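One structure below.
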Amino acid sequence: MADYLVIVESPAKAKTIERYLGKKYKVKASMGHVRDLPKSQMGVDVEEEFNPKYITIRGKGPVLKELKSAAKKVKKVYLAADPDREGEAIAWHLAHSLNIDENSGCRVVFNEITKEAIKESFKHPRSIDMDLVDAQQARRILDRLVGYNISPLLWKKVKKGLSAGRVQSVAVKMISDREKEIEQFKPEEYWSIEANFLKGKEEFEGVFYGYDGEKKALGNKEEVEKTLSKLKGKKFVVEKVNKRERKRNPSPPFTTSSIQQEAARKLNFRARKTMMVAQQLYEGIDLGKKEGITGLITYMRTDSTRISETAQKDTAQYVEENFGKEFLGENKKRKNAEGAQDAHEAIRPTSVSRDPKSIKSILSRDQYRLYKLIWDRFVASQMAPAIMDTMTVHLMNEGVEFRATGSKVKFKGFMKIYIEGNDDNKKEEDKLLPDLQEGTKVEAKSIEPNQHFTQPPPRYTEARLVKAMEEQGIGRPSTYAPTLDTIQRRGYVTLDNRRFVPTELGLIVIELVEEFFPEIVDVDFTVKMEKDLDAVEEGKIEWVKLIDEFYQGFDKRLEIAEKEMEKVEIKDEPAGESCEECGHDMVYKMGRYGKFMACSNFPDCRNTKPILKEIGVTCPTCEKGNVVERKSKKNRTFYGCDRYPDCEFISWDKPITRPCPKCDSLLVEKKSKKGTQVQCTNCDYKEDKQDN
Numbered sequence: 001m002a003d004y005l006v007i008v009e010s011p012a013k014a015k016t017i018e019r020y021l022g023k024k025y026k027v028k029a030s031m032g033h034v035r036d037l038p039k040s041q042m043g044v045d046v047e048e049e050f051n052p053k054y055i056t057i058r059g060k061g062p063v064l065k066e067l068k069s070a071a072k073k074v075k076k077v078y079l080a081a082d083p084d085r086e087g088e089a090i091a092w093h094l095a096h097s098l099n100i101d102e103n104s105g106c107r108v109v110f111n112e113i114t115k116e117a118i119k120e121s122f123k124h125p126r127s128i129d130m131d132l133v134d135a136q137q138a139r140r141i142l143d144r145l146v147g148y149n150i151s152p153l154l155w156k157k158v159k160k161g162l163s164a165g166r167v168q169s170v171a172v173k174m175i176s177d178r179e180k181e182i183e184q185f186k187p188e189e190y191w192s193i194e195a196n197f198l199k200g201k202e203e204f205e206g207v208f209y210g211y212d213g214e215k216k217a218l219g220n221k222e223e224v225e226k227t228l229s230k231l232k233g234k235k236f237v238v239e240k241v242n243k244r245e246r247k248r249n250p251s252p253p254f255t256t257s258s259i260q261q262e263a264a265r266k267l268n269f270r271a272r273k274t275m276m277v278a279q280q281l282y283e284g285i286d287l288g289k290k291e292g293i294t295g296l297i298t299y300m301r302t303d304s305t306r307i308s309e310t311a312q313k314d315t316a317q318y319v320e321e322n323f324g325k326e327f328l329g330e331n332k333k334r335k336n337a338e339g340a341q342d343a344h345e346a347i348r349p350t351s352v353s354r355d356p357k358s359i360k361s362i363l364s365r366d367q368y369r370l371y372k373l374i375w376d377r378f379v380a381s382q383m384a385p386a387i388m389d390t391m392t393v394h395l396m397n398e399g400v401e402f403r404a405t406g407s408k409v410k411f412k413g414f415m416k417i418y419i420e421g422n423d424d425n426k427k428e429e430d431k432l433l434p435d436l437q438e439g440t441k442v443e444a445k446s447i448e449p450n451q452h453f454t455q456p457p458p459r460y461t462e463a464r465l466v467k468a469m470e471e472q473g474i475g476r477p478s479t480y481a482p483t484l485d486t487i488q489r490r491g492y493v494t495l496d497n498r499r500f501v502p503t504e505l506g507l508i509v510i511e512l513v514e515e516f517f518p519e520i521v522d523v524d525f526t527v528k529m530e531k532d533l534d535a536v537e538e539g540k541i542e543w544v545k546l547i548d549e550f551y552q553g554f555d556k557r558l559e560i561a562e563k564e565m566e567k568v569e570i571k572d573e574p575a576g577e578s579c580e581e582c583g584h585d586m587v588y589k590m591g592r593y594g595k596f597m598a599c600s601n602f603p604d605c606r607n608t609k610p611i612l613k614e615i616g617v618t619c620p621t622c623e624k625g626n627v628v629e630r631k632s633k634k635n636r637t638f639y640g641c642d643r644y645p646d647c648e649f650i651s652w653d654k655p656i657t658r659p660c661p662k663c664d665s666l667l668v669e670k671k672s673k674k675g676t677q678v679q680c681t682n683c684d685y686k687e688d689k690q691d692n
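In this text, residue positions in the sequence shown follow the UniProt record's numbering: the first is 1, and each later residue adds one.
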């Protein structure tokens, strides 16, 4: 019979921790929260200091009964939920349900699921941190007051099933504001002049800079022609050569936000998938008989970049042994971002010696790719800076100045294993220049003027939106993935080429919320609220006072909105064709997986059709139909015959109009990290992508 009961959140964790603690401990899982506010009603008494009405979550009765029974048979119960606000709240709810004194040293926290970390944490049990609990309660009650008051109003005035959350509304506002910027953007013309220079047999590129050291922008063709007319022949003289050495420091280890951004750039992972796979790595993977189920990474919900001294020493030893002493970085203490919680570390491997290759065969493909990303980033963060040699050459012809820049890696440092991605998918490569000295004469092989137009700001990808929300202080790391998921499920935004586009519904809802509840979508207000919630966690503000200050103004605006908000009718957009079943017009509808066509005679006629986008290719199987673009249930693009199900042609790669020049079969575009290549579906013919 066990002497102690330990309650964690998930069964995966329970098995691992029980093995580490030994026979005196029984470890059980609560399966997350056991109590919460009711779904069917507000559950917050605004007249009695916003007192929450907690109930046992439906379906959790048997779990709670089992935990109560187990708790009666032991000397002491330890609550070991996750080390964050949410976990502290779960521990508090369990303490109430199991009649455990919250000041009895019942709370145990650990940042990684390893034998050493678990055993050490049980040497230092503490009481439940009520400031953390209050911060979580305040957030939950605040979101409930907003959601359960505005949402029913939107149901009456716009459409059933809508919601307006505190953080999700700001995210939709950011996406819709960006769309307005793009629509209102007026391109401005500008020109560049590029030259291809020759020094002996070596070629290098340069661009027009200005006149006699002063930068000059070229706004139109006339200015370009004026500049070109100043040139005397194609001979240029090197007036000045600047050479310098530049250090490039490694990126810090991952936080929740940065791992979501980098996994989107490098692995094509959605934020939700990143967190799901990270959870698996944190809770533990079975590494075989010797190690058993072991947590591979530290806790993945964090905005701290702090690293323990032990992890730093272990990594320094690993780097020195595997790369050499010159690759060792200085142990500089990294400064966290303002407002970052420093309760636990950055996301890192639990053991640096467990390199990705050594466990590749044990992990799934997604687990391996994410673990490798985490391991690479962490080890690189502890390595020496890269050293770059840079060179800028000033080339003159009759006072007209061109400049050429080049750089090369002198010492790779951390870049030996990892380089951070970027949102523009620009590849980093050495750009070498010949050995040029002041007074050297070179010849311009070609001088080409190029017309350009300024581009509007890009739409948000998931990575860009997460980065923008983090920079502005909206939400917290754990809220990003569920927020992005919610705004898509509600039909407020869609993804077009992995970029967010607001729907008509999203624009209408945000317009109404902005008109009647401006603070809900105001970035400054949302940021202040996040800081106030952090102050509750630090014990500086009482949570009831914080919510009361918000609710006084919110309640008045709610009354005004009930009276003045006009009913909005969202008319379905005609699809331009008739229903084959009843003859009524087909209209466009928005569903869970994007737009589709439906009969306007619904519910009498329930005919629906996918929206088919022709790509100008005849079906290679039946030679009668056209190949169209379709979407899978997971919103992945694929290509099939428009005569389906009579013809079952399908391709995940986009077919192109030209046949294979070698065997006359179908050519498709194959995408990879290196770019797009055209390949034959029948033979070994390949070519770089061309314009069709």
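Idealized CB from N, CA, C, for every residue including glycine. Note that the coordinates shown come from a computational prediction; the quantities given were computed from them, not determined experimentally.
By the CB criterion at 8 Å, residue 536 and residue 131 fall inside the cutoff. For residue 20, the CB contacts under 6 Å within the same chain, skipping 5 residues up- and downstream, are 115, 118 in chain order.
By the CB criterion at 8 Å, residue 445 and residue 203 fall inside the cutoff.
Between residue 328 and residue 321, the gap from beta carbon to beta carbon reaches 8 Å or more. Runs of the beta strand (DSSP E) lying entirely within the region 75-158, each at least 3 residues long, are 76-79 in chain order. When the beta-carbon positions are compared, residue 64 and residue 97 come within less than 8 Å of each other. Approximately 6 Å separates the beta-carbon atoms of residue 505 and residue 570; this is inside 8 Å, confirming the contact.
For residue 261, the uninterrupted alpha helix (DSSP H) run begins and ends at 256-267, by DSSP. Non-local beta-carbon contacts of residue 28 in its own chain, meaning distances under 8 Å to residues more than five positions away in sequence, involve 5, 6, 7, 8, 14, 66, 67, 70 in chain order.
At the C-beta level, residue 178 and residue 460 come within 8 Å of one another. The C-alpha of residue 235 lies about 51 Å from the C-alpha of residue 260. Apart from the 5 residues on each side of it in sequence, residue 611 sits with its Cβ closer than 7 Å to the Cβ of 595, 596, 597 in its chain, given in chain order.
Note on geometry: alpha-carbon atoms of residue 157 and residue 128 lie some 44 Å from one another.
The Cβ-Cβ distance between residue 669 and residue 654 falls below 8 Å. Cβ atoms of residue 421 and residue 262 come within 8 Å of each other, at about 6 Å.
The DSSP assignment places complete beta strand (DSSP E) segments of no fewer than 3 residues inside the region 571-659 at 573-578, 585-591, 594-599, 608-610, 613-618, 626-631, 637-641, 654-659, in order along the chain. DSSP places residue 432 outside both helix and strand once states are collapsed to three, so it counts as coil. The DSSP-derived three-state label of residue 216 is coil.
Excluding residues up to 5 positions away in sequence, 666 lie with their Cβ nearer than 6 Å to the Cβ of residue 620 in the same chain.
Inter-residue distance for residue 51 and residue 496 is about 43 Å (C-alpha atoms, whole angstroms). Within the region 474-499, the complete alpha helix (DSSP H) segments of 4 residues or longer fall at 477-489, listed in chain order. Rounded to the nearest whole angstrom, the C-alpha separation of residue 258 and residue 467 is 8 Å. Bounds of any beta strand (DSSP E) do not take in residue 177; it lies within the alpha helix (DSSP H) bounded by 166-184.
Residue 34 sits in coil when the DSSP states are folded into three classes, being neither helix nor strand.
Between residue 402 and residue 208, the gap from beta carbon to beta carbon is short of 8 Å. Beta-bridge analysis with DSSP links residue 243 to 391. In this structure, the beta-carbon distance from residue 299 to residue 112 falls below 8 Å. Within the same chain, Cβ atoms closer than 8 Å to the Cβ of residue 622 are found at 641, 643, 646, 647, 649, the five residues on either side in sequence being excluded.
Cβ-Cβ distances below 8 Å link residue 138 to 533, 536, 543, 546, 547 in the same chain, with the five nearest sequence neighbours on each side left out; the list follows chain order.
Annotated as distal: residue 346 and residue 269, with beta-carbon spacing of 8 Å or more. Of 412, 370, 239, 377, the smallest CA-CA separation from residue 388 is found for 412.
For residue 307, the closest C-alpha among the options 187, 583, 352 is that of 352.
In the three-state reduction of the DSSP assignment, residue 514 falls in the helix class.
Per DSSP, the continuous alpha helix (DSSP H) segment holding residue 550 begins and ends at 543-564. As a beta-bridge residue in DSSP terms, residue 192 pairs with 450. As the crow flies, the alpha-carbon of residue 520 is around 7 Å from that of residue 170.
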